[in-house]
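**Q**
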Amino acid sequence: MAATAALCAALMTAPAPALAWGDPADQGSEPSVSHQTEAPQAVDRADAPDDTSSDRDRPERPSWKRFTERLQENREQRKADREARREAQLVADDDDTDRSDNGSRTAVQTAVDASTTDDAPPARHLRLVRTDQPSRDTVPEPAAASVTVNAPPTADAPAPQPLSPLGRLIQLPARLVNTVLQVLDITSSTSGPQPPIKIIPPINDLLFAIFREGEKWLRLDRTPPPQPAIPEVTYDGPPTGTTPTVAQFLNASASAYGLGTTPEGLVPFTVNGFQLASANILSGMAARAWVTPEGQVVIAYQGTTGGTNLLFNPFIAPAQLFTDTQIIFTSKTPRAFYDALRFAKRVQAAAEKQGYDADDIFVTGHSLGGWEAQYVAQQLGLPGVSFEAPGMNTTVEGNGRDSMFVNIITYGDPAGFMATDVPGLQPFMPPYVPGGGSKPHYGNIVLIGDPAAMTPLLNAVTLWHTGPIRNLVFLADFFGNFFQYHLPGIQAYHLDVVPDPGVVPWLGTARGPVNAGWGELTIPELLTVVAGQTAPNVLAA
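Numbering-wise, the sequence shown is residues -20 to -1, 1 to 521 according to mature numbering (1 follows the signal peptide of the UniProt record, and there is no 0).
1) Sorted by chain position, which residues of the same chain lie with C-beta nearer than 7 Å to Asp216's C-beta, five sequence neighbours on each side aside?
2) With a cut-off of 8 Å on the beta carbons, I'd call Gln300 and Leu239 a contact; round off their distance for me.
3) Can you look up Thr220 in the DSSP assignment and give me helix, strand or coil?
4) I need the straight-line Cα distance from Pro122 to Ile503, nearest angstrom please.
5) Okay, do the region 389 to 404 and the region 424 to 439 touch, 3+ Cβ pairs below 8 Å being the bar?
6) From Leu143 to Asn184, what distance separates their C-alpha atoms?
7) If you count every other CB in all the chains shown that lies within 10 Å of the CB of Val163, and 16 or more means buried, which is it?
8) For the alpha helix (DSSP H) holding Gly364, just list the boundary residues, first then last.
9) Who are Leu256's beta bridge partners in DSSP?
10) For Asp27, collect the residues of the same chain with a Cβ closer than 6 Å to its Cβ; drop the 5 residues on either side in sequence, then sort them by chain order.
11) Round the Cβ separation of Trp486 and Pro181 to the nearest angstrom and send it over; I've been treating them as touching at under 8 Å.
12) To the nearest angstrom, report how far apart Leu186 and Val251 are at their CA atoms.
13) Determine, using beta carbons only, whether Lys312 and Met372 come nearer to each other than 8 Å.
14) With burial defined as no fewer than 16 other Cβ atoms inside 10 Å of the residue's Cβ, what is the status of Leu475: buried or exposed?
15) Just list the alpha helix (DSSP H) runs in the region 276 to 346, keeping only unbroken ones of 4 residues or longer that don't cross its boundaries, in chain order.
16) Helix, strand or coil for Phe385 per DSSP?
17) To which residues of the same chain is Gly380 closer than 6 Å at the C-beta, ignoring the five residues directly before and after it?
18) According to DSSP, what are the bridge partners of Trp270?
19) Beta-carbon within less than 7 Å of Thr170's beta-carbon, same chain only, minus the 5 sequence neighbours each way: which residues are those?
20) Between Gln328, Asp304 and Pro493, which lies nearest to Phe317 when the distance is taken from Cα to Cα?
21) Classify Pro140: buried if its beta carbon has 16 or more other beta carbons within 10 angstroms, exposed otherwise.
22) For Ala357 and Gly364, I'd like the C-alpha separation in whole angstroms.
23) Give the range of the alpha helix (DSSP H) segment to which residue 550 is assigned.
24) Taking the C-alpha atoms as reference points, what is the distance between Gln406 and Tyr412?
25) Check whether the region 200 to 220 and the region 252 to 264 touch, using three or more Cβ-Cβ pairs below 8 Å as the test.
26) Taking the C-alpha atoms as reference points, what is the distance between Phe463 and Glu274?
27) Give a yes or no on whether the C-beta atoms belonging to Asn231 and Ile261 are separated by under 8 Å.
28) Output the boundary residues of the alpha helix (DSSP H) element that contains Val226.
29) Taking the straight line between their C-alpha atoms, what separation do you get for Leu291 and Gly512?
30) For Leu506 and Trp498, what's the separation of their Cα atoms in angstroms?
31) Return helix, strand or coil for Val509, following the three-state DSSP convention.
32) From what residue to what residue does the beta strand (DSSP E) around Thr373 run?
33) Would you call Val160 buried or exposed, if buried means 16 or more other Cβ atoms sit within 10 Å of its Cβ?
34) With DSSP run on the structure shown, which of helix, strand or coil describes Gly423?
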């Protein structure tokens, strides 16, 4: 379920998957298991000396300015189309009125009133004040976020195509299994059955309390070595924009771990009556596409081990662990990233045929899924949000700091700190370079949670390469904090999101500050809030 579990694979030989795979995609698409026939757009530093040709081939990565300009152009075009249709309707109605009696005039007036009513855009009022669950650790929301966001009309957005009867039948076994898992408290949903007795959460809390006492016994709670300053987020773009919310991105990412789960409020993006999805057990890439109520397509990539999907597809986990190890300990780009890129292109082509705008396609993922989302955003310029994703082996100029892609990382979780553009895990990772280095993230970086949660890791990493026993102490603390802070439920707590779905929702330690209302923010709104935030737990590299 988590990307950094690959460190176990570094200590042993990773098993090589040797089974075929099935991709329930549309009939006109090529399976992503096929060998790549086009030149990869990402260039590994170890494999290709000429980066200039790669930069010429790579699609333009639009900045946030160009992104918002496109949104405005699309809104103006849609408004002009609606006005033209309304004027044409009025002309036709006037002609009918001249040839009709008073009863016809009444019908025409009713049609005009309905048309005028439909043209009024709905307003979505953004509230960042958490009133239901007050917390003394809650981070106060900045005044810049207290705005009223007028969502653009969605009347002209393409209607999602429903699943066919056969498509629903194919998904039925997974949904039935997920219902049983909800009763057993393995997964959760706001609309699903609740477990009669919750036995596991108290055990989880007890185990992590013992773990933290062990850290104190080893004196890992002492004052850590000083760390380099991390540059703050800078964003002066429009404070509003039409994108999925942070909650929609997080729930879509969590759904990638859940067998038979559906993100709250989203519906499958279908082609020929089947959800567009991919799963390759040879590379470890798995993803599904969803549609928001606002008519936006979200590609959600699956994290390591696949969560409860292992019940139906257990053979994908070894390939995912191997992919994690390859990224961390080599300078190569794994095959899973190329498969993720091909799947995104398939979604783009299918969405275009169904009438979706190019700017209405987004990517997301958690852990390994966030890695893949970063890579796709880097290569195609797609906006989106990743959660707990480490840095990558491919770099571009600026590393996406002017893009509409955001990496959200939790203090205490070592996964997101396995990079060179955030300090904390050196010398286990290569040297820290502000905004770059050999393994940087792509896009803006937002840190959430309690900065004090990093203290044990900052002390433990100093033990690395100082002896076998000390190496084991570091690895034990690494994995303990990984399971304590890595899973999506912890990000949901800090982002003020109701997790739906939840996978092992009780695993981890949810404590520290809550960023009230952040779950309802779009990407521009999130960047606006973070750029104006002075609290130390909201920083960027």
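Idealized CB from N, CA, C, for every residue including glycine. Just so it is clear, the structure is predicted and the values come from calculations on it, not from any experiment.
**A** Result, derived from the coordinates:
1) none
2) Going by Cβ atoms, the distance from Gln300 to Leu239 rounds to 16 Å, so no, they are not a contact pair.
3) Collapsing the DSSP output to three states places Thr220 in coil.
4) Caution applies to Pro122, whose pLDDT of 42 falls short of 50 and renders its modelled position unreliable; the model cannot decide the point.
5) yes
6) Distance between the alpha carbons of Leu143 and Asn184: 38 Å.
7) exposed
8) That residue, Gly364, is in no alpha helix (DSSP H); its beta strand (DSSP E) goes Gly364 to Phe367.
9) For Leu256, which the question treats as bridged, DSSP gives no partner whatsoever.
10) Summary for Asp27: the model assigns pLDDT 44, below 50, so the residue's position carries little reliability; its value from the coordinates is reported in the next sentence. Answer for Asp27: no residue qualifies.
11) 4 Å
12) 47 Å
13) no
14) Burial call: buried.
15) 296 to 309 and 315 to 333
16) strand
17) Hits under 6 Å: Tyr422 and Gly423.
18) Beta-bridge pairing by DSSP links Trp270 to Pro248 and Val278.
19) Glu244, Val478 and Asp480
20) Asp304
21) Of the other Cβ atoms in all chains shown, 16 or more fall within 10 Å of the Cβ of Pro140; this residue is therefore buried.
22) 7 Å
23) With the chain represented from -20 up to 521, any question about residue 550 goes unanswered, as that position is not in the structure.
24) 7 Å
25) no
26) Going by the C-alpha atoms only, they are around 34 Å apart.
27) no
28) Taken as a continuous stretch (DSSP letters only), the alpha helix (DSSP H) holding Val226 covers Val226 to Ser235.
29) Here the C-alpha atom of Leu291 lies approximately 45 Å from the C-alpha atom of Gly512.
30) 7 Å
31) helix
32) Rather than Thr, the amino acid found at residue 373 in this sequence is Asn. Premise fails: Asn373 is in no beta strand (DSSP E) and is neither H nor E.
33) exposed
34) coil
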